[in-house]
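Going by the numbering used here, the first residue of the sequence shown is number 144, and it counts up by one from there. Structure record follows, encoded as structure tokens.
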Amino acid sequence: MDRQASDAIIARIAGATEAVGRTIRIMEVCGTHTHAIGRGGLRAVLPKGIALISGPGCPVCVTSQRDVERMLLLADRGDVTVCTFGDMIRVPGVTTSLERRRANGADVRVVYSPTDALELAASRPEREVVFLGVGFETTAPGIAATVLQAQSRGIANYSVYACHKLIVPAMEAVLSEGSRIDGFLTPGHVSVIIGPEAYEALSQTHGIPCVATGFEPTDVLEGIAQLVEHVRDRRPGSFVQYRRAVRPGGNRRAWDTLMRVFAIADAEWRGLGNIPESGLAFRPEFAAYDAVTRFDLPEVAPVSLAGCRCGDVLKGAIEPQECPHFGRPCTPRNPLGPCMVSSEGSCAARYKYG
Ligand code: SF4
């Protein structure tokens with residue numbers, strides 16, 4: 144980062160914060176921002192009047208414990224290969240994890256994209272392959288595309304355990320829980336898909352600004368500067384810092400692909416509970432690719448991880464270090480909850496960067 148440029152942005156933040164005259168609480172919704180803030184050492188250079196609060200934007204972390212337990216049930220089946228992104232494999236279940244199941248012989252594989260899972264299914268038509276669909280509007284279109292490909296190529300042994308989430312209803316839920324937030328740094332990559340207009344109604348209803356922000360430290364600093372200036376000027380609205388990628392209207396092609404396969408549905412979140420219209424469910428015409436119906440997965444009673452405060456961390460009610468397990472015994476090597484597992488988790492970021 145250019146030192147002069149960053150000093151100038153920090154001076155803008157300091158000036159606007161002083162003008163507001165109180166602590167400004169900013170929620171960075173996205174786990175990638177949380178890690179960019181830690182990695183860039185940004186907390187150390189921000190004025191005291193800025194409080195950065197991590198939000199519910201880490202996809203692995205917000206996956207409900209019930210979904211984690213049902214994924215474990217899938218891995219227990221001898222006839223299924225479970226494919227997942229790397230972080231999900233280490234998320235603790237109540238008694239075990241996918242990683243431990245794999246060590247005991249279950250066929251669980253880490254893949255880099257859902258396309259890898261689809262190609263695995265294509266290469267082994269005699270074996271069922273299930274991809275664990277975890278993520279927000281950024282990853283869900285790619286997963287929808289694999290379902291469309293499976294259909295057009297006649298790959299009948301591929302399915303998805305879909306627990307995708309939508310970001311704006313989660314932001315609404317955080318506000319309705321009573322969290323005092325003065326502005327949101329919204330995720331640049333999600334905003335590329337949904338467009339900045341998606342935050343406008345929330346922003347106007349609650350009278351707070353949102354700034355779609357990129358992921359370099361300079362982006363985050365500039366996003367914070369813009370947010371604080373909008374707070375100072377009492378200017379709600381949806382704004383874009385990440386102009387090199389976020390366009391008005393978003394990415395219609397990606398969104399249309401998503402909506403061909405999935406419909407908006409209620410979803411259960413860790414910490415935030417059931418949020419109306421905050422997830423994606425298979426449309427009836429794609430039910431054959433839905434792992435839940437395909438394998439007739441049973442309902443699982445609500446469960447939680449003993450002592451883990453990830454739910455409170457995810458809604459900004461506590462800081463990671465306020466959890467009594469933080470650092471001892473819960474560490475990235477010995478995670479007791481998903482927020483310490485994930486590369487986007489707030490506990491992992493705080494542990495790693497302080
Ligand atoms: S420190 Fe560990 S146990 Fe505590 S909230 Fe974070 S992940 Fe959960």
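Here a beta-carbon is modelled for each residue, glycine too, at the ideal position from N, C-alpha and C. Only a predicted model underlies this, so the values are computations on that prediction, with no experimental measurement involved.
- Going by beta carbons, R168 and D376 fall outside the 8 angstroms limit.
- Using a Cβ-Cβ distance cut-off of 8 angstroms, the stretch 209-220 and the stretch 438-450 are in contact, since at least three pairs of beta carbons, one from each stretch, lie closer than that value.
- Between the stretch 403-421 and the stretch 312-319 there are three or more inter-stretch CB-CB distances shorter than 8 angstroms, so the stretches are counted as touching.
- Around the C-beta of K458, 16 or more other C-beta atoms lie within 10 Å, and the residue is accordingly described as buried.
- Exclusion of V446 from the 7 angstroms shell around the ligand SF4 follows from its C-beta lying no nearer than that to any non-hydrogen atom of the ligand.
- If you draw a straight line from the Cα of L263 to the Cα of V371, it comes to about 48 angstroms.
- The three-state secondary structure of K308, taken from DSSP, is strand.
- The closest heavy atom of the ligand SF4 lies 7 angstroms or more from the beta carbon of L364.
- R396 counts as exposed, since fewer than 16 other beta carbons sit within 10 angstroms of its beta carbon.
- In the DSSP assignment, A148 falls within the alpha helix (DSSP H) that extends over R146 to V163.
- Annotation: S240 to L195 spans about 31 angstroms, alpha carbon to alpha carbon.
- Your pair G183 and T160 does not check out as a contact, with CB atoms roughly 19 angstroms apart and the cut at 8 angstroms.
- The Cβ atoms of R209 and L291 lie no closer than 8 angstroms to each other.
- Cβ neighbours of D250 within its own chain (closer than 6 angstroms, five residues either side excluded): T224.
- Note on the stretch 411-444: whole beta strand (DSSP E) runs with a minimum of 3 residues are 416-425, in chain order.
- Your pair P339 and P391 checks out as a contact, with CB atoms roughly 7 angstroms apart and the cut at 8 angstroms.
- Looking only at L401, V363, S149 and L415, the smallest Cα-Cα distance to P330 is reached by V363.
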